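As structure tokens, the structure follows; a few thoughts come after it.
In the numbering used here, the protein residues as written are 83 to 1227.
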């Protein structure tokens, strides 16, 4: 693991945002760098930021979150820390941030926002606060504790391992190196050995408790089973015969009842037909009326059409008369308007002629002013114009040359743009084809899903939910069978345990009686042995006795038992006592073993009872969960569906296949949607490119045309200027003299030109006015002639109109403002009259046709009525039924006749079946007698079947016990081997607390750690070595090579020596922790202040050696020599008096 970049904001004294790139200079050039600055400036804050970004805590603050944030800079509203790191060539980015509510410095703290992502593709691995540190530990192999002991060695952490006692050192080793697994192994071995022994004892007790049938009993049961089977077969045959007779009697009685019922139904059907005779006659009379109804309807329809057409013709005649009246009124109005226009035109013409006479007289008086307009403008400008014409000639030539060059460039540009436009058109065509193909393909994919991608996605999600529910059902169903087996096993085991307890209690009572008897025997033998030993101890005194002499002990002269005492055999009594004691001890041992076995069996019975109760509880809980899952199912699920795992599995497979198909379709649809969007974007881009090309081409063509026009204009202007320049100088003098004026002096030129200009302007005004008056006279003359013609025309047209009837009603028309409006109205009225005339002619023709059709329809109807059974139209109408009534009567007729036919058919069928049954004549006995016989047979058969079932059950149970005993014996043999193995392993590493194997593993780990530490210590300082104390398991000694390899306690080291040894241990711990993860970055916080100059140089040399191995090492210190020794530095500088710091690289 290697730290690449660090970014932080508003942490402790480092206010604002700061970035450190460890992959850039100067860190890329030298892997060893120093973080320097005064005490309290914020050097350790950089390490806090790394820990915060990775693990959401720091070595100094164990918890930073919503409940408290002591690391955020005062008077700020947000803070963050971000680290980019590399593991096995893959770069990751870890981010942590927190802000206050409403972005106010005094707002409440909000929940932190975290993120872990890959740098290469931006894929987000985790955004959950609790999950992210676990992901960091999984990727790097380092949790927070291992990280702070391997990569980041904070203040006060160097000597933690060196100065801890054996217990703390064991816990630290277990935490850092993961040796806790050995504790779990030791505990697991102990538990496994105990369980294996208990399982063996349980199996042995179960085997001893099995009871089997003896061979005689088993043979007797088998013979009885065969006899009962034969008897039961005879009973089955007799029962079948009686059941056939009973069934025949039942069918015969039932068929007789059906015959009577069919006869009654036939009579009822015939009666219903008779009752409905009036309605059926009405239905019969409706048929001829229905046959002639079309002719009657045709006659009625023709009469209605004839009346409607006559009414329409009357309306057209009224409209025609109204239009004729309006036409006459409009012609009268036009005649009046034309007369008024004629009178007005006469007055205007007279006024204009008087004005023309006045203007003509003035023009004749001032005829000399007519030529001033041709010469005056030239006289004013000819002298200046000559020089201007020369300049214009040069400018026109330059402009023409420039236009020609521009035209050549535009021609070339137009050719290139034409090619681009053609290429763009081809691209648009291809893009449109691709877009249409992609759209059609996507529509085909989505056709079965409502032609909608969201609908397809919703179907896929619904299928997933359904599969998840079926999987829950399947998983829950799989739990039921083991519970059922457990329940049966517990019941059998409890039964066996109860029998075994009774047997063991009986054996215990027998042993107790035997023990009491043998105990009394031992007491008797003990007393006898004591007496014999006492008698034997007096043997020397008995040997000293003389005949006829008094005994020195008792004074008696007679010793009758001395012969018997001499024959005593103490060894035989001792042997008998020993044998009795052995028998007593054997009985006592048997009793103890039996009590132990009884206690074990009782304990096992209680355990089995508890297991049975627990299993019952689990079954009840399972059933509740099962019912809940069944209610949530989209399809009905039987309560016993758990007994059919194959069906549930098939349903899950079907749902999985459906999801697989939907996922495949969804993937294709997503790809198709992306293809369609890409084709659409490509098409839009191609269209845009084509529009740009066409627009550029059009702009170029327009510019080219404009250029050609400018060239033509410039050439013409050049020729005109050159011609004017040649003529101008010669024509000036001749022009003034020809006009009748003398050339004015130079001083009077302006006044003379002004006077001539005023004369010319007055002449122009008079001539313009005269021309206007003459034009008005011509226009007015035409208007007058037209007005006279119009007035005469409308007088004639008004007189030519036909006369109207005397009783015509009065109508009014809207007066027209002008004659033109009145003419428009007259033309519209004429069109209306023509239209009405045509409509009347057509209506008259139609009326004649309708009259003829009505007469023909009436004749046909009368002829049909005469040939029908009806006397007149009234009788016809009464016979004709409505459609609903006809349908009702027809349905009634069909129903009655069908019922009659059905009743007759049923009667014939029932009569035939009754005759067939009566011909069989299976028995003459009464049905009650047959029923009684069947009941007796069934009772006898049930009794025989019960006995047969009981015998078979005993035989089957015995077979199962025999097979179970054999299998159990095989299991016991296998369990004995397994138990022996676990017992041997338990003797080696097993323990209840797990300390046996853990201590051994920790010792090996400590030895390896000391080996690594001594390698680092050899580079740092060759004087000392670390070793384990011989008297303690995890105690340490320091070996002084300069003092004859004498060993002493580590607490005797000086401050600088302790720092070097702690640094070596810290580096060794880093190597040990990083056995599975490469540690490529190392941060050391303080500790170098206790070293002298030489030792500091040795320590830095050792760090240089580590740096040469590829590690990036950062040292935090305020030691001046360290600052000078390491050129690459991150300086943390305090700002004056404000409590903030800044970073300088």
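Quick reminder that beta carbons are idealized off the backbone N, C-alpha and C, glycines included.
Keep in mind the model is a prediction, meaning the values are calculated, not measured.
query, result
"Sequence-distant residues of the same chain with beta carbon closer than 7 Å to residue 1274, five excluded per side", "Here the chain comprises residues numbered 83 to 1227, so residue 1274 is not present and cannot be evaluated."
"Assigned exposure category for residue 1124 - 16 Cβ within 10 Å defines buried", "exposed"
"Every unbroken alpha helix (DSSP H) inside the stretch 1044 to 1103 [4 residues or more]", "1077 to 1102"
"Three CB pairs or more closer than 8 Å across the stretch 907 to 915 and the stretch 933 to 948", "no"
"Residue 1222 vs residue 95 beta-carbon contact at 7 Å", "yes"
"Alpha-carbon to alpha-carbon, residue 1182 and residue 1126", "28 Å"
"Residue interval of the beta strand (DSSP E) (run including residue 956)", "Segment 955 to 961 is the alpha helix (DSSP H) holding residue 956; no beta strand (DSSP E) there."
"C-alpha gap between residue 862 and residue 904, whole angstroms", "22 Å"
"For residue 113 and residue 93, the rounded distance between their alpha carbons", "25 Å"
"Boundaries (first-last residue) of the beta strand (DSSP E) holding residue 178", "172 to 181"
"Residues bridged to residue 1120 (per DSSP)", "1108, 1130"
"Residue 264 burial status per 10 Å Cβ neighbour count (16 or more: buried)", "buried"
"Buried or exposed by the 16-neighbour rule on C-beta atoms within 10 Å, applied to residue 415", "buried"
"Helix, strand or coil at residue 758 according to DSSP, with G and I counted as helix", "helix"
"According to DSSP, residues forming a beta bridge with residue 100", "90"
"Alpha carbon of residue 971 to alpha carbon of residue 342, nearest angstrom", "31 Å"
"Ranges of the alpha helix (DSSP H) found wholly within the stretch 92 to 165, counting only runs of at least 4", "125 to 137"
"Beta-carbon separation (whole angstroms), residue 300 vs residue 1040, contact threshold 8 Å", "7 Å"
"Every unbroken alpha helix (DSSP H) inside the stretch 660 to 716 [4 residues or more]", "none"
"Pick from 1111, 1073, 1104 that is closest to residue 272, judged by C-alpha positions", "1073"
"Proximity of residue 1198 and residue 1167 at Cβ, strictly below 7 Å", "yes"
"Straight-line gap, residue 315 to residue 723 (C-alpha atoms, nearest Å)", "37 Å"
"Residue from 920, 1079, 1147, 1018 with nearest C-alpha to residue 1094", "1147"
"At least 3 beta-carbon pairs within less than 8 Å: the stretch 185 to 193 vs the stretch 145 to 160", "yes"
"Same chain only: Cβ atoms within 8 Å of residue 704, ignoring 5 sequence neighbours per side", "558, 561, 562, 565"
"Proximity of residue 217 and residue 198 at Cβ, strictly below 7 Å", "yes"
"For residue 909, three-class secondary structure by DSSP", "helix"
"Identified DSSP bridge partners for residue 1167", "1198"
"With 16 other Cβ atoms within 10 Å as the buried cut-off, status of residue 97", "buried"
"Check whether residue 160 and residue 175 have beta carbons under 7 Å apart", "no"
"Bridge-paired residues (DSSP) for residue 1224", "1215"
"Buried or exposed (CB count within 10 angstroms, at least 16 for buried), residue 536", "exposed"
"Inter-stretch contact at 8 Å, needing at least 3 Cβ pairs: the stretch 380 to 394 / the stretch 889 to 900", "no"
"8 Å contact criterion, which residue 1141 and residue 129 should meet: CB distance rounded", "Actually they do not touch by this definition, with Cβ atoms about 18 Å apart."
"Contact test: residue 958 Cβ vs the ligand ZN heavy atom, cutoff 6 Å", "For the structure depicted, the ligand ZN is absent and the ligand set is empty, with no information on it obtainable."
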